[in-house]
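Below: the structure, in structure tokens.
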Amino acid sequence: MQDKDELLREAERMGERLSEWRRTLHRFPELSFQEFGTADFIATVLGTIDGLTVTRGIGLETSVVATLGTGKGPVIALRADIDALPIDEANTCEYSSKTPGVMHACGHDAHAAILLGTAVLLSGYFRDRPLSGTVKFIFQPAEEMIDEKSLSGSPYLLQAGAYDGAELAIALHMCPWLPVGAVQLHNGISMANVDVFRGTIRGTGGHGAYPELGSDPTWMLGLVLQALHGIVPRRVSALEPAVISVGQIHAGTASNIIPNEVQVEGTVRSYSGKVRDLLESEIHQAFSLAAQLGGDYSFHYQRGEPALANDRSVNGRIEKAIRKTEPSVEVIHQAFGMGGEDFAYVTQQLPGAMFFLGCSLDDGTERDLHTPHFDIDERSLPLGAAILANAAIGFFTSTEGHGEQEG
54 MQDKDELLRE
64 AERMGERLSE
74 WRRTLHRFPE
84 LSFQEFGTAD
94 FIATVLGTID
104 GLTVTRGIGL
114 ETSVVATLGT
124 GKGPVIALRA
134 DIDALPIDEA
144 NTCEYSSKTP
154 GVMHACGHDA
164 HAAILLGTAV
174 LLSGYFRDRP
184 LSGTVKFIFQ
194 PAEEMIDEKS
204 LSGSPYLLQA
214 GAYDGAELAI
224 ALHMCPWLPV
234 GAVQLHNGIS
244 MANVDVFRGT
254 IRGTGGHGAY
264 PELGSDPTWM
274 LGLVLQALHG
284 IVPRRVSALE
294 PAVISVGQIH
304 AGTASNIIPN
314 EVQVEGTVRS
324 YSGKVRDLLE
334 SEIHQAFSLA
344 AQLGGDYSFH
354 YQRGEPALAN
364 DRSVNGRIEK
374 AIRKTEPSVE
384 VIHQAFGMGG
394 EDFAYVTQQL
404 PGAMFFLGCS
414 LDDGTERDLH
424 TPHFDIDERS
434 LPLGAAILAN
444 AAIGFFTSTE
454 GHGEQEG
């Protein structure tokens with residue numbers, strides 16, 4: 054029996070454990086920078102796996118990094134994120150969230166369970182085989198949110214050395230728009246730069262019965278919104294991915310009082326640095342219309358994670374691992390969309406790639422990412438673990454004897 058079949062078969066044999074780990078994490082979700090129970094659970098499971106060295110608190114208090122190997126030779130990093138989202142779960146399954154207002158609505162519980170399974174598979178595989186290298190299993194907090202320094206978890210772990218020595222890094226993401234048995238790959242820019250803008254339009258306000266006596270920022274808002282929504286279709290090439298979405302508008306305290314200011318907040322997505330710069334400039338110009346209409350404005354633009362750039366050679370390794378694991382898997386080559394992913398910080402520093410793992414439930418319910426009904430088909434868990442394990446084994450096989458990364 055070939056190793057590819059044995060790894061997948063072993064992953065399928067541990068399917069109940071994978072589901073149990075994922076469901077435990079799903080029941081007790083924790084927000085970014087608060088994943089203390091999650092980290093305890095992950096570290097406890099890792100502590101039962103032969104050959105692993107487990108380290109906590111690299112970069113962030115709630116990070117967990119396990120290593121398998123000699124400490125010499127080539128190093129590969131496999132990463133899973135572990136935080137949840139501020140969403141009330143609408144599912145009524147037995148493993149639904151027990152924390153009001155918090156839910157694993159992006160699949161990070163599955164990511165963590167899959168990486169735990171990968172650690173089990175690789176520990177067993179290399180128990181009786183020489184491993185002239187090291188695997189780093191990186192369980193990263195705070196992918197979803199940023200702190201007061203405008204940083205998510207990935208930069209903290211990079212700065213603290215979690216990825217030191219790694220020649221490449223691989224991550225995965227659950228994909229509710231594809232069925233189990235399908236995987237999405239894409240070379241180059243595959244997810245967006247993620248920025249946020251906040252603008253305040255100011256007037257004098259006044260009595261609602263006498264609008265002529267003051268200046269009305271809600272009137273100015275209408276023209277500012279028209280300008281904002283015209284930027285992408287009229288200032289950005291149709292060949293360039295770009296999105297501007299207004300998410301919040303706040304103004305006023307009563308129906309008969311014209312407010313003295315309106316606050317507007319939104320998100321901005323782009324693939325290229327040039328378009329990113331253009332969007333920031335154009336959004337600023339849109340808010341400056343308030344000054345030409347007799348009011349004033351303030352403007353703040355916050356740049357978040359960069360666009361995710363998948364390395365072609367790493368994607369090649371992933372595809373080989375997929376074919377080795379299960380040749381019948383459908384591989385779809387397409388960009389992942391305008392969502393953001395802080396694994397992009399990693400791929401700025403070393404060759405890396407993320408793949409999307411099909412997990413949709415065929416039950417007639419829309420279960421998109423970041424929604425209260427998100428859930429997965431857990432048959433995807435063994436497949437994900439086996440693909441990651443085979444990617445690591447393929448990496449060591451290709452570097453064995455010469456210590457160079459395959460092109």
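Per my numbering, the very first residue in the sequence shown carries number 54; after that it's consecutive. Ideal Cβ positions, reconstructed from N, Cα and C, are used throughout, including at glycine.
Euclidean distance between Cα positions of residue i and residue j
i, j, result
"G437", "E65", "11 Å"
"E197", "L113", "15 Å"
"S185", "L121", "10 Å"
"C412", "L332", "34 Å"
"L292", "G241", "16 Å"
"D430", "I254", "47 Å"
"L78", "C228", "18 Å"
"L238", "V117", "27 Å"
"S381", "V233", "11 Å"
"T152", "T97", "21 Å"
"G170", "N144", "25 Å"
"T271", "G305", "9 Å"
"A397", "S268", "44 Å"
"H226", "F409", "5 Å"
Per-residue DSSP class, three states only, for residue i
i, result
"T400", "helix"
"I336", "helix"
"S413", "coil"
"M156", "strand"
"Y209", "helix"
"I77", "It is Thr, not Ile, that sits at residue 77 in the sequence shown. Helix, per DSSP."
"R356", "strand"
"D301", "The amino acid occupying residue 301 in the given sequence is Gln; Asp does not appear at that position. Reduced to three states, the DSSP call for Q301 is strand."
"I310", "strand"
"N443", "helix"
"A438", "helix"
"E318", "strand"
"D93", "helix"
Local Cβ density within 10 Å of residue i, reported as buried at 16 or more and exposed below that
i, result
"Q279", "exposed"
"F86", "buried"
"E263", "Sequence check: residue 263 is Tyr here, not Glu. It counts as exposed."
"E88", "buried"
"N309", "exposed"
"R365", "exposed"
"A442", "buried"
"G261", "exposed"
"H161", "buried"
Residue i beta carbon near the ligand FAD (any heavy atom closer than 7 Å)
i, result
"I371", "Looking at this structure, you won't find the ligand FAD or any other ligand, since it has none at all."
Option nearest residue i by Cα separation, candidates the options
i, options, result
"G110", "D93, G104, K125 and V98", "D93"
"A224", "Q345, A362 and M273", "A362"
"L266", "R287, L274 and N313", "N313"
"L99", "I167, N368 and G68", "I167"
"V249", "T108, T320, A158 and A195", "T320"
* To do: Can you check the region 160-199 for any alpha helix (DSSP H) of at least 4 residues that lies completely inside it and give the ranges in chain order?
  => Qualifying alpha helix (DSSP H) stretches, in chain order: 161-178.
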